[in-house]
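Reading through the structure tokens given below for one structure.
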Amino acid sequence: MPISYAAAVSNPNGNQQRPRVQPRKATDYTCSPFTITQEPSVKAQSEHTYANSESKPQDALNSRHLKRGLHNEPSPNTYHKPKTDGKEHVVYVLTVRMTSSVADPINKMRERYFPKHLNRTPAHLTLFHALPHSKLNPMDDTLKTLSSRTKPFNISTGRAFRMRRGVGIGLYQGARETKAVHDDLKTAWLDWLSEQDSGGWRPHWTVMNKVDKEEEVAEAFDAIQRDLLQNAVDGRAVGLDLWTYDKGDWRWAKEFRFSGDGAK
1 MPISYAAAVS
11 NPNGNQQRPR
21 VQPRKATDYT
31 CSPFTITQEP
41 SVKAQSEHTY
51 ANSESKPQDA
61 LNSRHLKRGL
71 HNEPSPNTYH
81 KPKTDGKEHV
91 VYVLTVRMTS
101 SVADPINKMR
111 ERYFPKHLNR
121 TPAHLTLFHA
131 LPHSKLNPMD
141 DTLKTLSSRT
151 KPFNISTGRA
161 FRMRRGVGIG
171 LYQGARETKA
181 VHDDLKTAWL
191 DWLSEQDSGG
201 WRPHWTVMNK
211 VDKEEEVAEA
221 FDAIQRDLLQ
231 NAVDGRAVGL
241 DLWTYDKGDW
251 RWAKEFRFSG
261 DGAK
């Protein structure tokens with residue numbers, strides 16, 4: 001697999017540097033975080049999930065059930081509501097499934113910097129936050145079609161960036177491919193997406209949020225930026241995961257593994 005690099009970051013004297021990345025063999029990659037390390041046979045236990053799905057999420061995500069406290073939970077605000085005719089009692093979250101070589105290091109950052117009482121999930125790269133249950137069948141068809149023609153692709157960390165009350169990490173290698181996946185789905189679903197999901201989007205992981213102390217956020221940003229400059233993280237995007245969001249909980253529903261061009 002080719003070596004990948006995070007986005008260039010300026011050092012104090014204004015010169016551009018790129019992080020040093022160690023090459024990995026293809027066998028170094030295993031599926032993890034919003035990744036999969038194994039596929040247990042326990043079936044999803046929600047009438048709103050896919051009871052007969054063949055593959056299951058990894059232990060790192062606490063199996064099927066993720067509790068309240070997500071920084072990006074859908075809210076009653078109309079900004080987060082899908083534009084469908086009726087009230088959606090259940091909505092879905094769509095995330096990128098990636099190898100543990102990416103997910104594990106980023107999740108360690110999140111565990112270090114995200115407020116512990118709010119950190120209920122591993123680090124994740126969210127494509128859509130509130131997909132309506134009433135459109136589940138057409139969504140399923142679209143996701144099957146897209147994943148069947150999409151090849152797994154390389155991804156790597158890019159720049160750290162400041163959020164109002166936290167820090168995010170942008171996607172560098174793989175950003176174009178991830179955006180293409182997002183754009184295709186957004187085009188197919190635009191008529192009923194929420195205002196949030198139909199608006200602007202950039203692929204990223206959130207490793208700190210909901211922190212009110214400016215000094216704490218600034219220190220974390222500097223530390224994360226230095227870490228990424230010295231140690232870029234790379235791996236593969238291998239599919240998509242659909243999660244049921246129900247009254248504050250995330251329950252894993254289904255995987256759509258990228259299988260384009262005979263990928264396994």
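Numbering (UniProt numbering), first residue to last: 1 to 264. Positions of the beta carbon are idealized from the N, C-alpha and C atoms, including for glycine.
| Query | Result |
| --- | --- |
| The beta strand (DSSP E) enclosing Phe256, as first and last residue numbers | 249-257 |
| Terminal residues of the beta strand (DSSP E) in which Asp241 lies | 234-246 |
| Segment contact flag, the segment 79-88 with the segment 216-229, C-beta cutoff 8 Å, min 3 pairs | no |
| Proximal residues to Met109 (C-beta, below 6 Å), its chain only, five neighbours per side dropped | Val207 |
| Rounded straight-line distance, which links the Cα of Ala103 to that of Arg251 | 19 Å |
| Proximity winner among Thr178, Arg164, Leu171, Gly239, relative to Ser210 (alpha-carbon distances) | First, the residue type needs correcting, since residue 210 is Lys and not Ser in the sequence shown. If we check each option's Cα against that of Lys210, Arg164 comes out closest. |
| Whole-number beta carbon distance between Arg226 and Pro152, since they are thought to touch under 8 Å | At roughly 30 Å, the Cβ-Cβ gap does not stay under 8 Å, so Pro152 and Arg226 are not in contact. |
| N- and C-terminal bounds of the alpha helix (DSSP H) containing Val96 | It is not in any alpha helix (DSSP H) - Val96 instead sits in the beta strand (DSSP E) that spans 91-99. |
| Three-state secondary structure assigned by DSSP to Thr84 | coil |
| Close Cβ partners of Thr142 (< 8 Å) along its chain, the five nearest in sequence each way excluded | Leu185, Ala188, Trp189 |
| Uninterrupted alpha helix (DSSP H) stretches inside the segment 128-205 (no shorter than 4 residues) | 136-149, 175-189, 195-198 |
| Collapsed DSSP secondary structure at Val217 in the structure displayed | helix |
| Close beta carbons around Pro132, own chain, < 7 Å, minus the five adjacent residues each side | Pro82, Thr84, Glu88, Val91, Trp192 |
| Cβ neighbours of Asp261 in the same chain (closer than 7 Å, five flanking residues each side left out) | Lys151 |
| DSSP-derived helix/strand/coil call for Val211 | coil |
| Paired residues, beta bridge with Thr126 - DSSP | Thr95 |
| Residue environment, Asn119, which counts as buried when at least 16 other CB atoms sit within 10 Å | buried |
| Closest Cα partner of Leu229 within the set Met98, His129, Ala160 | Ala160 |
| CB of Val233 within 8 Å of CB of Pro105, strictly | yes |
| Outcome for Lys254 when other beta-carbon atoms lying within 10 angstroms are tallied against a minimum of 16 | buried |
| Anticipated Cβ contact below 8 Å, Gly170 with Gly158, distance rounded | 4 Å |
| Assigned secondary structure, Leu118 (DSSP; H/G/I helix, E/B strand, else coil) | coil |
| Backbone CA spacing between Val238 and Gly86 [nearest angstrom] | 34 Å |
| Contact under 8 Å by Cβ, His182 with Leu136 | no |
| Neighbourhood of Trp201 by C-beta, 7 Å cutoff - its chain only, sequence neighbours within 5 removed | His182 |
| Alpha-carbon to alpha-carbon, Thr178 and Glu215 | 33 Å |
| Pairwise C-alpha distance: Phe258 and Arg97 | 10 Å |
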